[in-house]
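Here's the structure we're looking at; comments come further down.
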Amino acid sequence: MKNEHIPVAGDLAKQAKNVHQVPKASSHSKEIAVIKVPFGLAGARNGAELAPDELITAGLKREILSLGYRLNREVRVDCPSQPASVPARRQTGKHLNEVQQVSEKVCHEVSSALHEGVFPLVLGGDHSVGIGTLAGLTAYYSNLGVIWFDAHADLNTEEHSLTGNMHGMSLAAGLGHSTFNLSKIKGAGSFINPSKLVYIGLRDLDQYEKEQIRALGIRAFTMHDIDRLGMKQVIDQAINIAGSGTEGIHVSFDMDCLDPREAPGVGTPVPGGLSYREAHFAMECLALSNHVVSMELVEVNPLLDQNRHTARLGVGLIASVLGKTIL
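Read in order, the letters of the sequence shown are residues 3 to 329 in the working numbering.
So, in structure tokens, the structure goes:
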């Protein structure tokens with residue numbers, strides 16, 4: 003729920019003293035693989051499947067090249083646009099077969115890019131594509147930090163989800179708590195370590211998700227925390243937690259973490275989110291940390307957008323992670 007502070011286990015003062023471990027690779031690698039995943043069946047509304055092409059049209063490749071990167075490849079994952087059969091019962095997750103197919107393909111593309119020393123940039127689609135992204139990352143990294151920008155926790159399981167929409171189960175799958183999880187994806191590695199997972203921007207949580215965050219000791223920065231501490235303290239602590247003792251940080255950015263006035267083109271908007279400058283500042287700090295080894299940006303919905311505003315903002319945020327600065 004909006005503006006609720008969620009306490010977690012751990013002494014932040016001690017965490018702040020940790021020294022970052024230099025990761026194997028980072029966004030300072032000058033080759034990028036753009037992995038487009040036009041999949042929207044696991045979301046709440048139609049339209050997210052159009053986002054990868056919309057982001058390209060909004061100037062993403064131009065920004066990548068202007069920053070001195072080389073586009074190693076641009077891959078379009080073959081995704082079903084219609085379910086092959088009647089959606090499964092809620093308790094098994096809607097469109098489970100389609101989500102699994104897409105997850106395996108995304109896993110392969112992400113792990114292939116990493117093994118070639120290329121920075122994977124995944125463009126969703128709804129946030130269920132994050133399952134495949136995490137699978138591919140864990141196939142390469144044995145100790146990964148994750149910063150998850152989202153209004154929602156995505157910790158629901160098939161049993162606890164109120165809708166059965168699998169874009170709300172991505173991290174449950176990454177942590178191994180849902181029935182369909184990384185262990186069901188060919189080539190995936192181990193589950194994500196909850197002590198190296200950080201949320202930023204939470205404000206709409208189900209009761210089960212609140213209980214899980216507390217029980218697992220996940221560091222969760224709600225909008226209440228951002229209002230209270232400011233984005234500088236929040237992102238510094240997030241980088242410290244996800245980056246200390248890990249091989250690098252994966253940034254998963256759901257555009258609904260932003261305030262709907264900033265990003266109207268999302269499927270599940272929640273009032274009271276991040277501002278334009280808060281989001282860009284966080285991305286700029288991540289770039290300076292030299293810890294980011296991969297990124298995905300999801301949940302742009304062109305059917306709900308206004309004059310491609312949300313897509314352009316998404317392109318700008320990706321550019322900030324890749325090192326674009328004002329001066």
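Backbone N, C-alpha and C fix where the C-beta goes; we use that ideal spot for every residue, glycine too.
Taking only the alpha-carbon atoms, compute the straight-line gap between residue i and residue j and give it to the nearest angstrom.
{"i": "Glu33", "j": "Val295", "result": "12 Å"}
{"i": "Ser114", "j": "Lys107", "result": "11 Å"}
{"i": "Pro82", "j": "Phe41", "result": "7 Å"}
{"i": "His129", "j": "Gly203", "result": "15 Å"}
{"i": "Trp150", "j": "Ala284", "result": "12 Å"}
{"i": "Gly95", "j": "Ile215", "result": "21 Å"}
{"i": "Ser291", "j": "Arg279", "result": "18 Å"}
{"i": "Ala60", "j": "Arg310", "result": "7 Å"}
{"i": "Val200", "j": "Asn158", "result": "17 Å"}
{"i": "Ala313", "j": "Leu52", "result": "11 Å"}
{"i": "Leu288", "j": "His162", "result": "33 Å"}
{"i": "Asp208", "j": "Pro304", "result": "27 Å"}
{"i": "Gly267", "j": "Arg64", "result": "22 Å"}
{"i": "Gly275", "j": "Met225", "result": "7 Å"}
{"i": "Ile328", "j": "Leu62", "result": "17 Å"}
{"i": "Gly134", "j": "Gly250", "result": "18 Å"}
{"i": "Ser246", "j": "Asp227", "result": "21 Å"}
{"i": "Leu164", "j": "Asp156", "result": "12 Å"}
{"i": "Leu231", "j": "Glu118", "result": "40 Å"}
{"i": "Glu56", "j": "Gln239", "result": "33 Å"}
What first and last residue would you give for the beta strand (DSSP E) that runs through residue i?
{"i": "Tyr143", "result": "Here Tyr143 belongs to no beta strand (DSSP E), and DSSP marks it neither H nor E."}
{"i": "Gly126", "result": "121-126"}
{"i": "Asp256", "result": "251-256"}
{"i": "Val295", "result": "294-300"}
{"i": "Ile328", "result": "Careful: Ile328 lies outside any beta strand (DSSP E) and carries neither H nor E."}
{"i": "Glu56", "result": "Run containing Glu56: none in the beta strand (DSSP E); it sits in the alpha helix (DSSP H), 53-59."}
How is the alpha helix (DSSP H) around residue i delimited, first residue to last?
{"i": "Asn242", "result": "233-245"}
{"i": "Asn99", "result": "98-117"}
{"i": "Ala153", "result": "Here Ala153 belongs to no alpha helix (DSSP H), and DSSP marks it neither H nor E."}
{"i": "Met285", "result": "278-291"}
{"i": "Glu211", "result": "209-218"}
{"i": "Ile202", "result": "First-last for Ile202: 199-204, but that is the beta strand (DSSP E), not the alpha helix (DSSP H)."}
{"i": "Leu69", "result": "Per DSSP, Leu69 belongs to no alpha helix (DSSP H) and is neither H nor E."}
{"i": "Arg221", "result": "Element bounds for Arg221: not the alpha helix (DSSP H) but the beta strand (DSSP E), 221-224."}
{"i": "Val317", "result": "311-323"}
{"i": "Ala35", "result": "Looking at the DSSP string, Ala35 is not in any alpha helix (DSSP H); the run it does join, the beta strand (DSSP E), is 33-39."}
{"i": "Ser172", "result": "172-177"}
Only counting the same chain, and skipping five residues up and downstream in sequence, which positions put a Cβ closer than 6 Å to that of residue i?
{"i": "Leu123", "result": "Ile34, Val36, Met297"}
{"i": "Ala46", "result": "Asn167, Gly269, Thr270"}
{"i": "Val101", "result": "Ala44, Ser130, Met168"}
{"i": "Lys198", "result": "Gly147, Ala244, Thr248"}
{"i": "Glu413", "result": "Nothing in the structure corresponds to residue 413, since the chain is present only between 3 and 329."}
{"i": "Glu111", "result": "Ile37, Val77"}
{"i": "Ser322", "result": "His282, Met285, Glu286"}
{"i": "Ile58", "result": "none"}
{"i": "Leu331", "result": "Only positions 3 to 329 of the chain appear in the structure, and residue 331 is not among them; the question remains open."}
{"i": "Pro25", "result": "In this predicted model, Pro25 has a pLDDT of only 40, less than 50, meaning its place in the structure is not dependable enough to derive any value."}
Might you give, ordered along the chain, the residues of its own chain that have their beta carbon closer than 7 Å to the beta carbon of residue i, omitting 5 neighbours on each side?
{"i": "Val39", "result": "Pro54, Val79, Cys81, Val104, Val108, Val124, Leu125, Gly126, Gly127, Val131"}
{"i": "Leu184", "result": "Leu136, Ala137, Thr140, Ala175, Gly176, Gly178, Ala190, Phe193"}
{"i": "Leu85", "result": "It is Pro, not Leu, that sits at residue 85 in the sequence shown. Here the set comprises Leu43, His97, Glu100."}
{"i": "Ser277", "result": "Asp261, Glu264"}
{"i": "Asn74", "result": "Glu33, Ile34, Ala35, Val120"}
{"i": "Leu218", "result": "Pro196"}
{"i": "Ile220", "result": "Val10, Pro196, Leu199, Tyr201"}
{"i": "Tyr210", "result": "Asn158, His162"}
Return the Cβ separation of residue i and residue j in integer angstroms, given the expectation that the two are a contact with Cβ distance under 8 Å.
{"i": "Asp206", "j": "His252", "result": "Not a contact, Cβ separation roughly 22 Å."}
{"i": "Gly49", "j": "Leu306", "result": "6 Å"}
What does a CB cutoff of less than 8 Å around residue i pick up in its chain, not counting 5 residues either side in sequence?
{"i": "Leu319", "result": "Phe255, Ala281, His282, Met285, Leu299"}
{"i": "Glu160", "result": "Arg92, Gln93, Thr94, Gly95, Gly166, Met171, Ser180, Thr181, Phe182"}
{"i": "Arg72", "result": "Lys32, Glu33, Ile34"}
{"i": "Gln1", "result": "For the chain, the structure presents residues 3 to 329; residue 1 sits outside this window and is missing."}
{"i": "Val317", "result": "Leu57, Ala60, Gly61, Leu62, Glu65"}
Using a beta-carbon distance below 8 Å, is residue i in contact with chain D?
{"i": "Glu56", "result": "Any reference to chain D falls outside this structure, which holds one protein chain only."}
Under 8 Å: do the region 139-151 and the region 57-72 share three or more Cβ pairs, one atom per stretch? Look at the beta carbons and you see the region 139-151 not touching the region 57-72: under three pairs across the two are nearer than 8 Å.
Any contact of the region 176-191 with the region 229-248, i.e. 3+ C-beta pairs under 8 Å? The region 176-191, when compared against the region 229-248, does not touch it at the 8 Å Cβ threshold.
Stretch-stretch touch, CB-based, cutoff 8 Å, three pairs: the region 169-179 with the region 192-202: Between the region 169-179 and the region 192-202 there are three or more C-beta pairs closer than 8 Å, enough to call the two in contact.
If we count Cβ pairs, one from each stretch, closer than 8 Å, do we get three or more for the region 257-269 versus the region 298-310? The region 257-269 and the region 298-310 touch, with no fewer than 3 CB-CB distances between them shorter than 8 Å.
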